[in-house]
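Below: the structure, in structure tokens.
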Amino acid sequence: MISIVIANLKMNLTPSETKDYLMTLLPRFDGKVDLTLCLPYTSLAVGKFLCEGKKAVRLGSQNINDEEEGRSTGEISGRMLKDAGVDYTIVGHSERRKRFKEDGKCINRKIKSALKNGLGIILCVGESLAERNTLKTFVSLKEQIEEALKGLYENELERIIIAYEPIWAIGSGKTPTAKEISQAVKEIRRIIKDDFSQSASEKINVVYGGSIDSKNIKQFTNCKNLNGFLIGGASIDPNNLLKIISLI
Ligand code: 13P
């Protein structure tokens, strides 16, 4: 059942553009799904001001530092995010894994820091094209999930959403088939079952991300075991995002 939509605005929209974005989006959003808006850091203040008290709307960040405070010029900690009104943070996005060399250990520390500060986590995992072509998708998912969730207690999984984002599908206009997404989601739940429990594997929310737009969303709304979508490029225009939500 699809009940979650997460918009990852990436490095788009200034604070004043975010204000216009939210003024268009929020009055027309009907609350039929839980909507998390992962805004750039500089837009969080206006996001908090305009989203506060809005039914089914949450504020998200796109990153978190793994430390609480100190000599990390340019970084933002979980404590700061919580105080800025953030509910969820993205961790492990492939763009950060690649460009900022974030490895499994770093992602694990970031998750622990988010948990410590009472934040929810959107954990991104997904295979590269080379892994897909050599049938290593499930091996890669297992490795990424196990590194990220190492040392966590089962009850902490309630605060985690796993986003299946094949790297080759991000911003490319290409997507897996609905069947392939269902298979990957099934595998993600199997990994959670093996490492935690059957009940944890049934309860954890899993969403799909990668080139979702209003033209293809209908193909995926019936994906077995899938709880929602993580949308990048198509979420930058509020009318487009509203259209996608209306088709769910
Ligand atoms: P696109 O929807 O632009 O492919 O981006 C997906 C993504 O990376 C969301 O985190």
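Heads up: take any position in the sequence shown, counting from 1, add 16, and you land on my numbering.
Just so you know, even glycine gets a beta-carbon here, dropped at the ideal spot from N, CA and C.
| query | result |
| --- | --- |
| If distances are taken between C-alpha atoms only, which option among 250, 128, 26 comes closest to residue 58? | 26 |
| For my contact list, residue 123 and residue 164 are in at a C-beta cut-off of 8 Å; report their separation, rounded to the angstrom. | 5 Å |
| When the Cα of residue 172 is compared with those of 134, 236, 153, which residue comes out closest? | 134 |
| Kindly indicate which three-state DSSP category residue 246 falls into: helix, strand or coil? | strand |
| Got a sec: does the ligand 13P put a non-hydrogen atom nearer than 6 Å to the Cβ of residue 246? | yes |
| Curious, which full-length alpha helix (DSSP H) runs of at least 4 residues does the segment 205-239 contain? | 214-219 |
| Where does residue 146 land, buried or exposed, given buried means 16+ other C-beta within 10 angstroms? | exposed |
| Less than 7 Å between the C-beta atoms of residue 259 and residue 213, yes or no? | no |
| Consider the C-beta atom of residue 24 and the heavy atoms of the ligand 13P; say whether any pair is separated by less than 6 Å. | yes |
| Identify, in the order they occur along the chain, each residue of the same chain with its Cβ nearer than 8 Å to the Cβ of residue 112, setting aside the five sequence neighbours on each side. | 79, 118 |
| Buried or exposed for residue 76, please, with buried defined as at least 16 other CB atoms from any protein chain shown within 10 angstroms of its CB. | buried |
| How would you label residue 81, buried or exposed, when you count the other beta carbons within 10 angstroms and need 16 or more for buried? | buried |
| Can residue 217 be considered in contact with the ligand 13P, in the sense that its beta carbon sits closer than 6 Å to one or more heavy atoms? | no |
| Check whether the Cβ atoms of residue 132 and residue 107 lie closer than 7 Å to each other. | no |
| For residue 192, count the other beta carbons within 10 Å of its own beta carbon; 16 or more makes it buried, fewer makes it exposed. Which is it? | buried |
| So residue 130 is in the alpha helix (DSSP H); what residue range does that whole segment cover? | 120-132 |
| With distance defined between alpha-carbon atoms, name the residue in 95, 225, 204 nearest to residue 154. | 204 |
| Would you be able to state if there are at least three C-beta pairs under 8 Å between the segment 93-102 and the segment 49-65? | yes |
| Of all the options 51, 190, 232, which has the alpha carbon lying nearest to the alpha carbon of residue 243? | 51 |
| By DSSP, does residue 167 sit in helix, in strand, or in coil? | coil |
| Using the Cβ count rule (16 or more neighbours within 10 Å means buried), how would you classify residue 37? | buried |
| Going by DSSP in three states, residue 106 sits in which element: helix, strand or coil? | strand |
| Helix, strand or coil for residue 20? Go by DSSP, reduced to three states. | strand |
| Does DSSP put residue 198 in a helix, a strand or coil? | helix |
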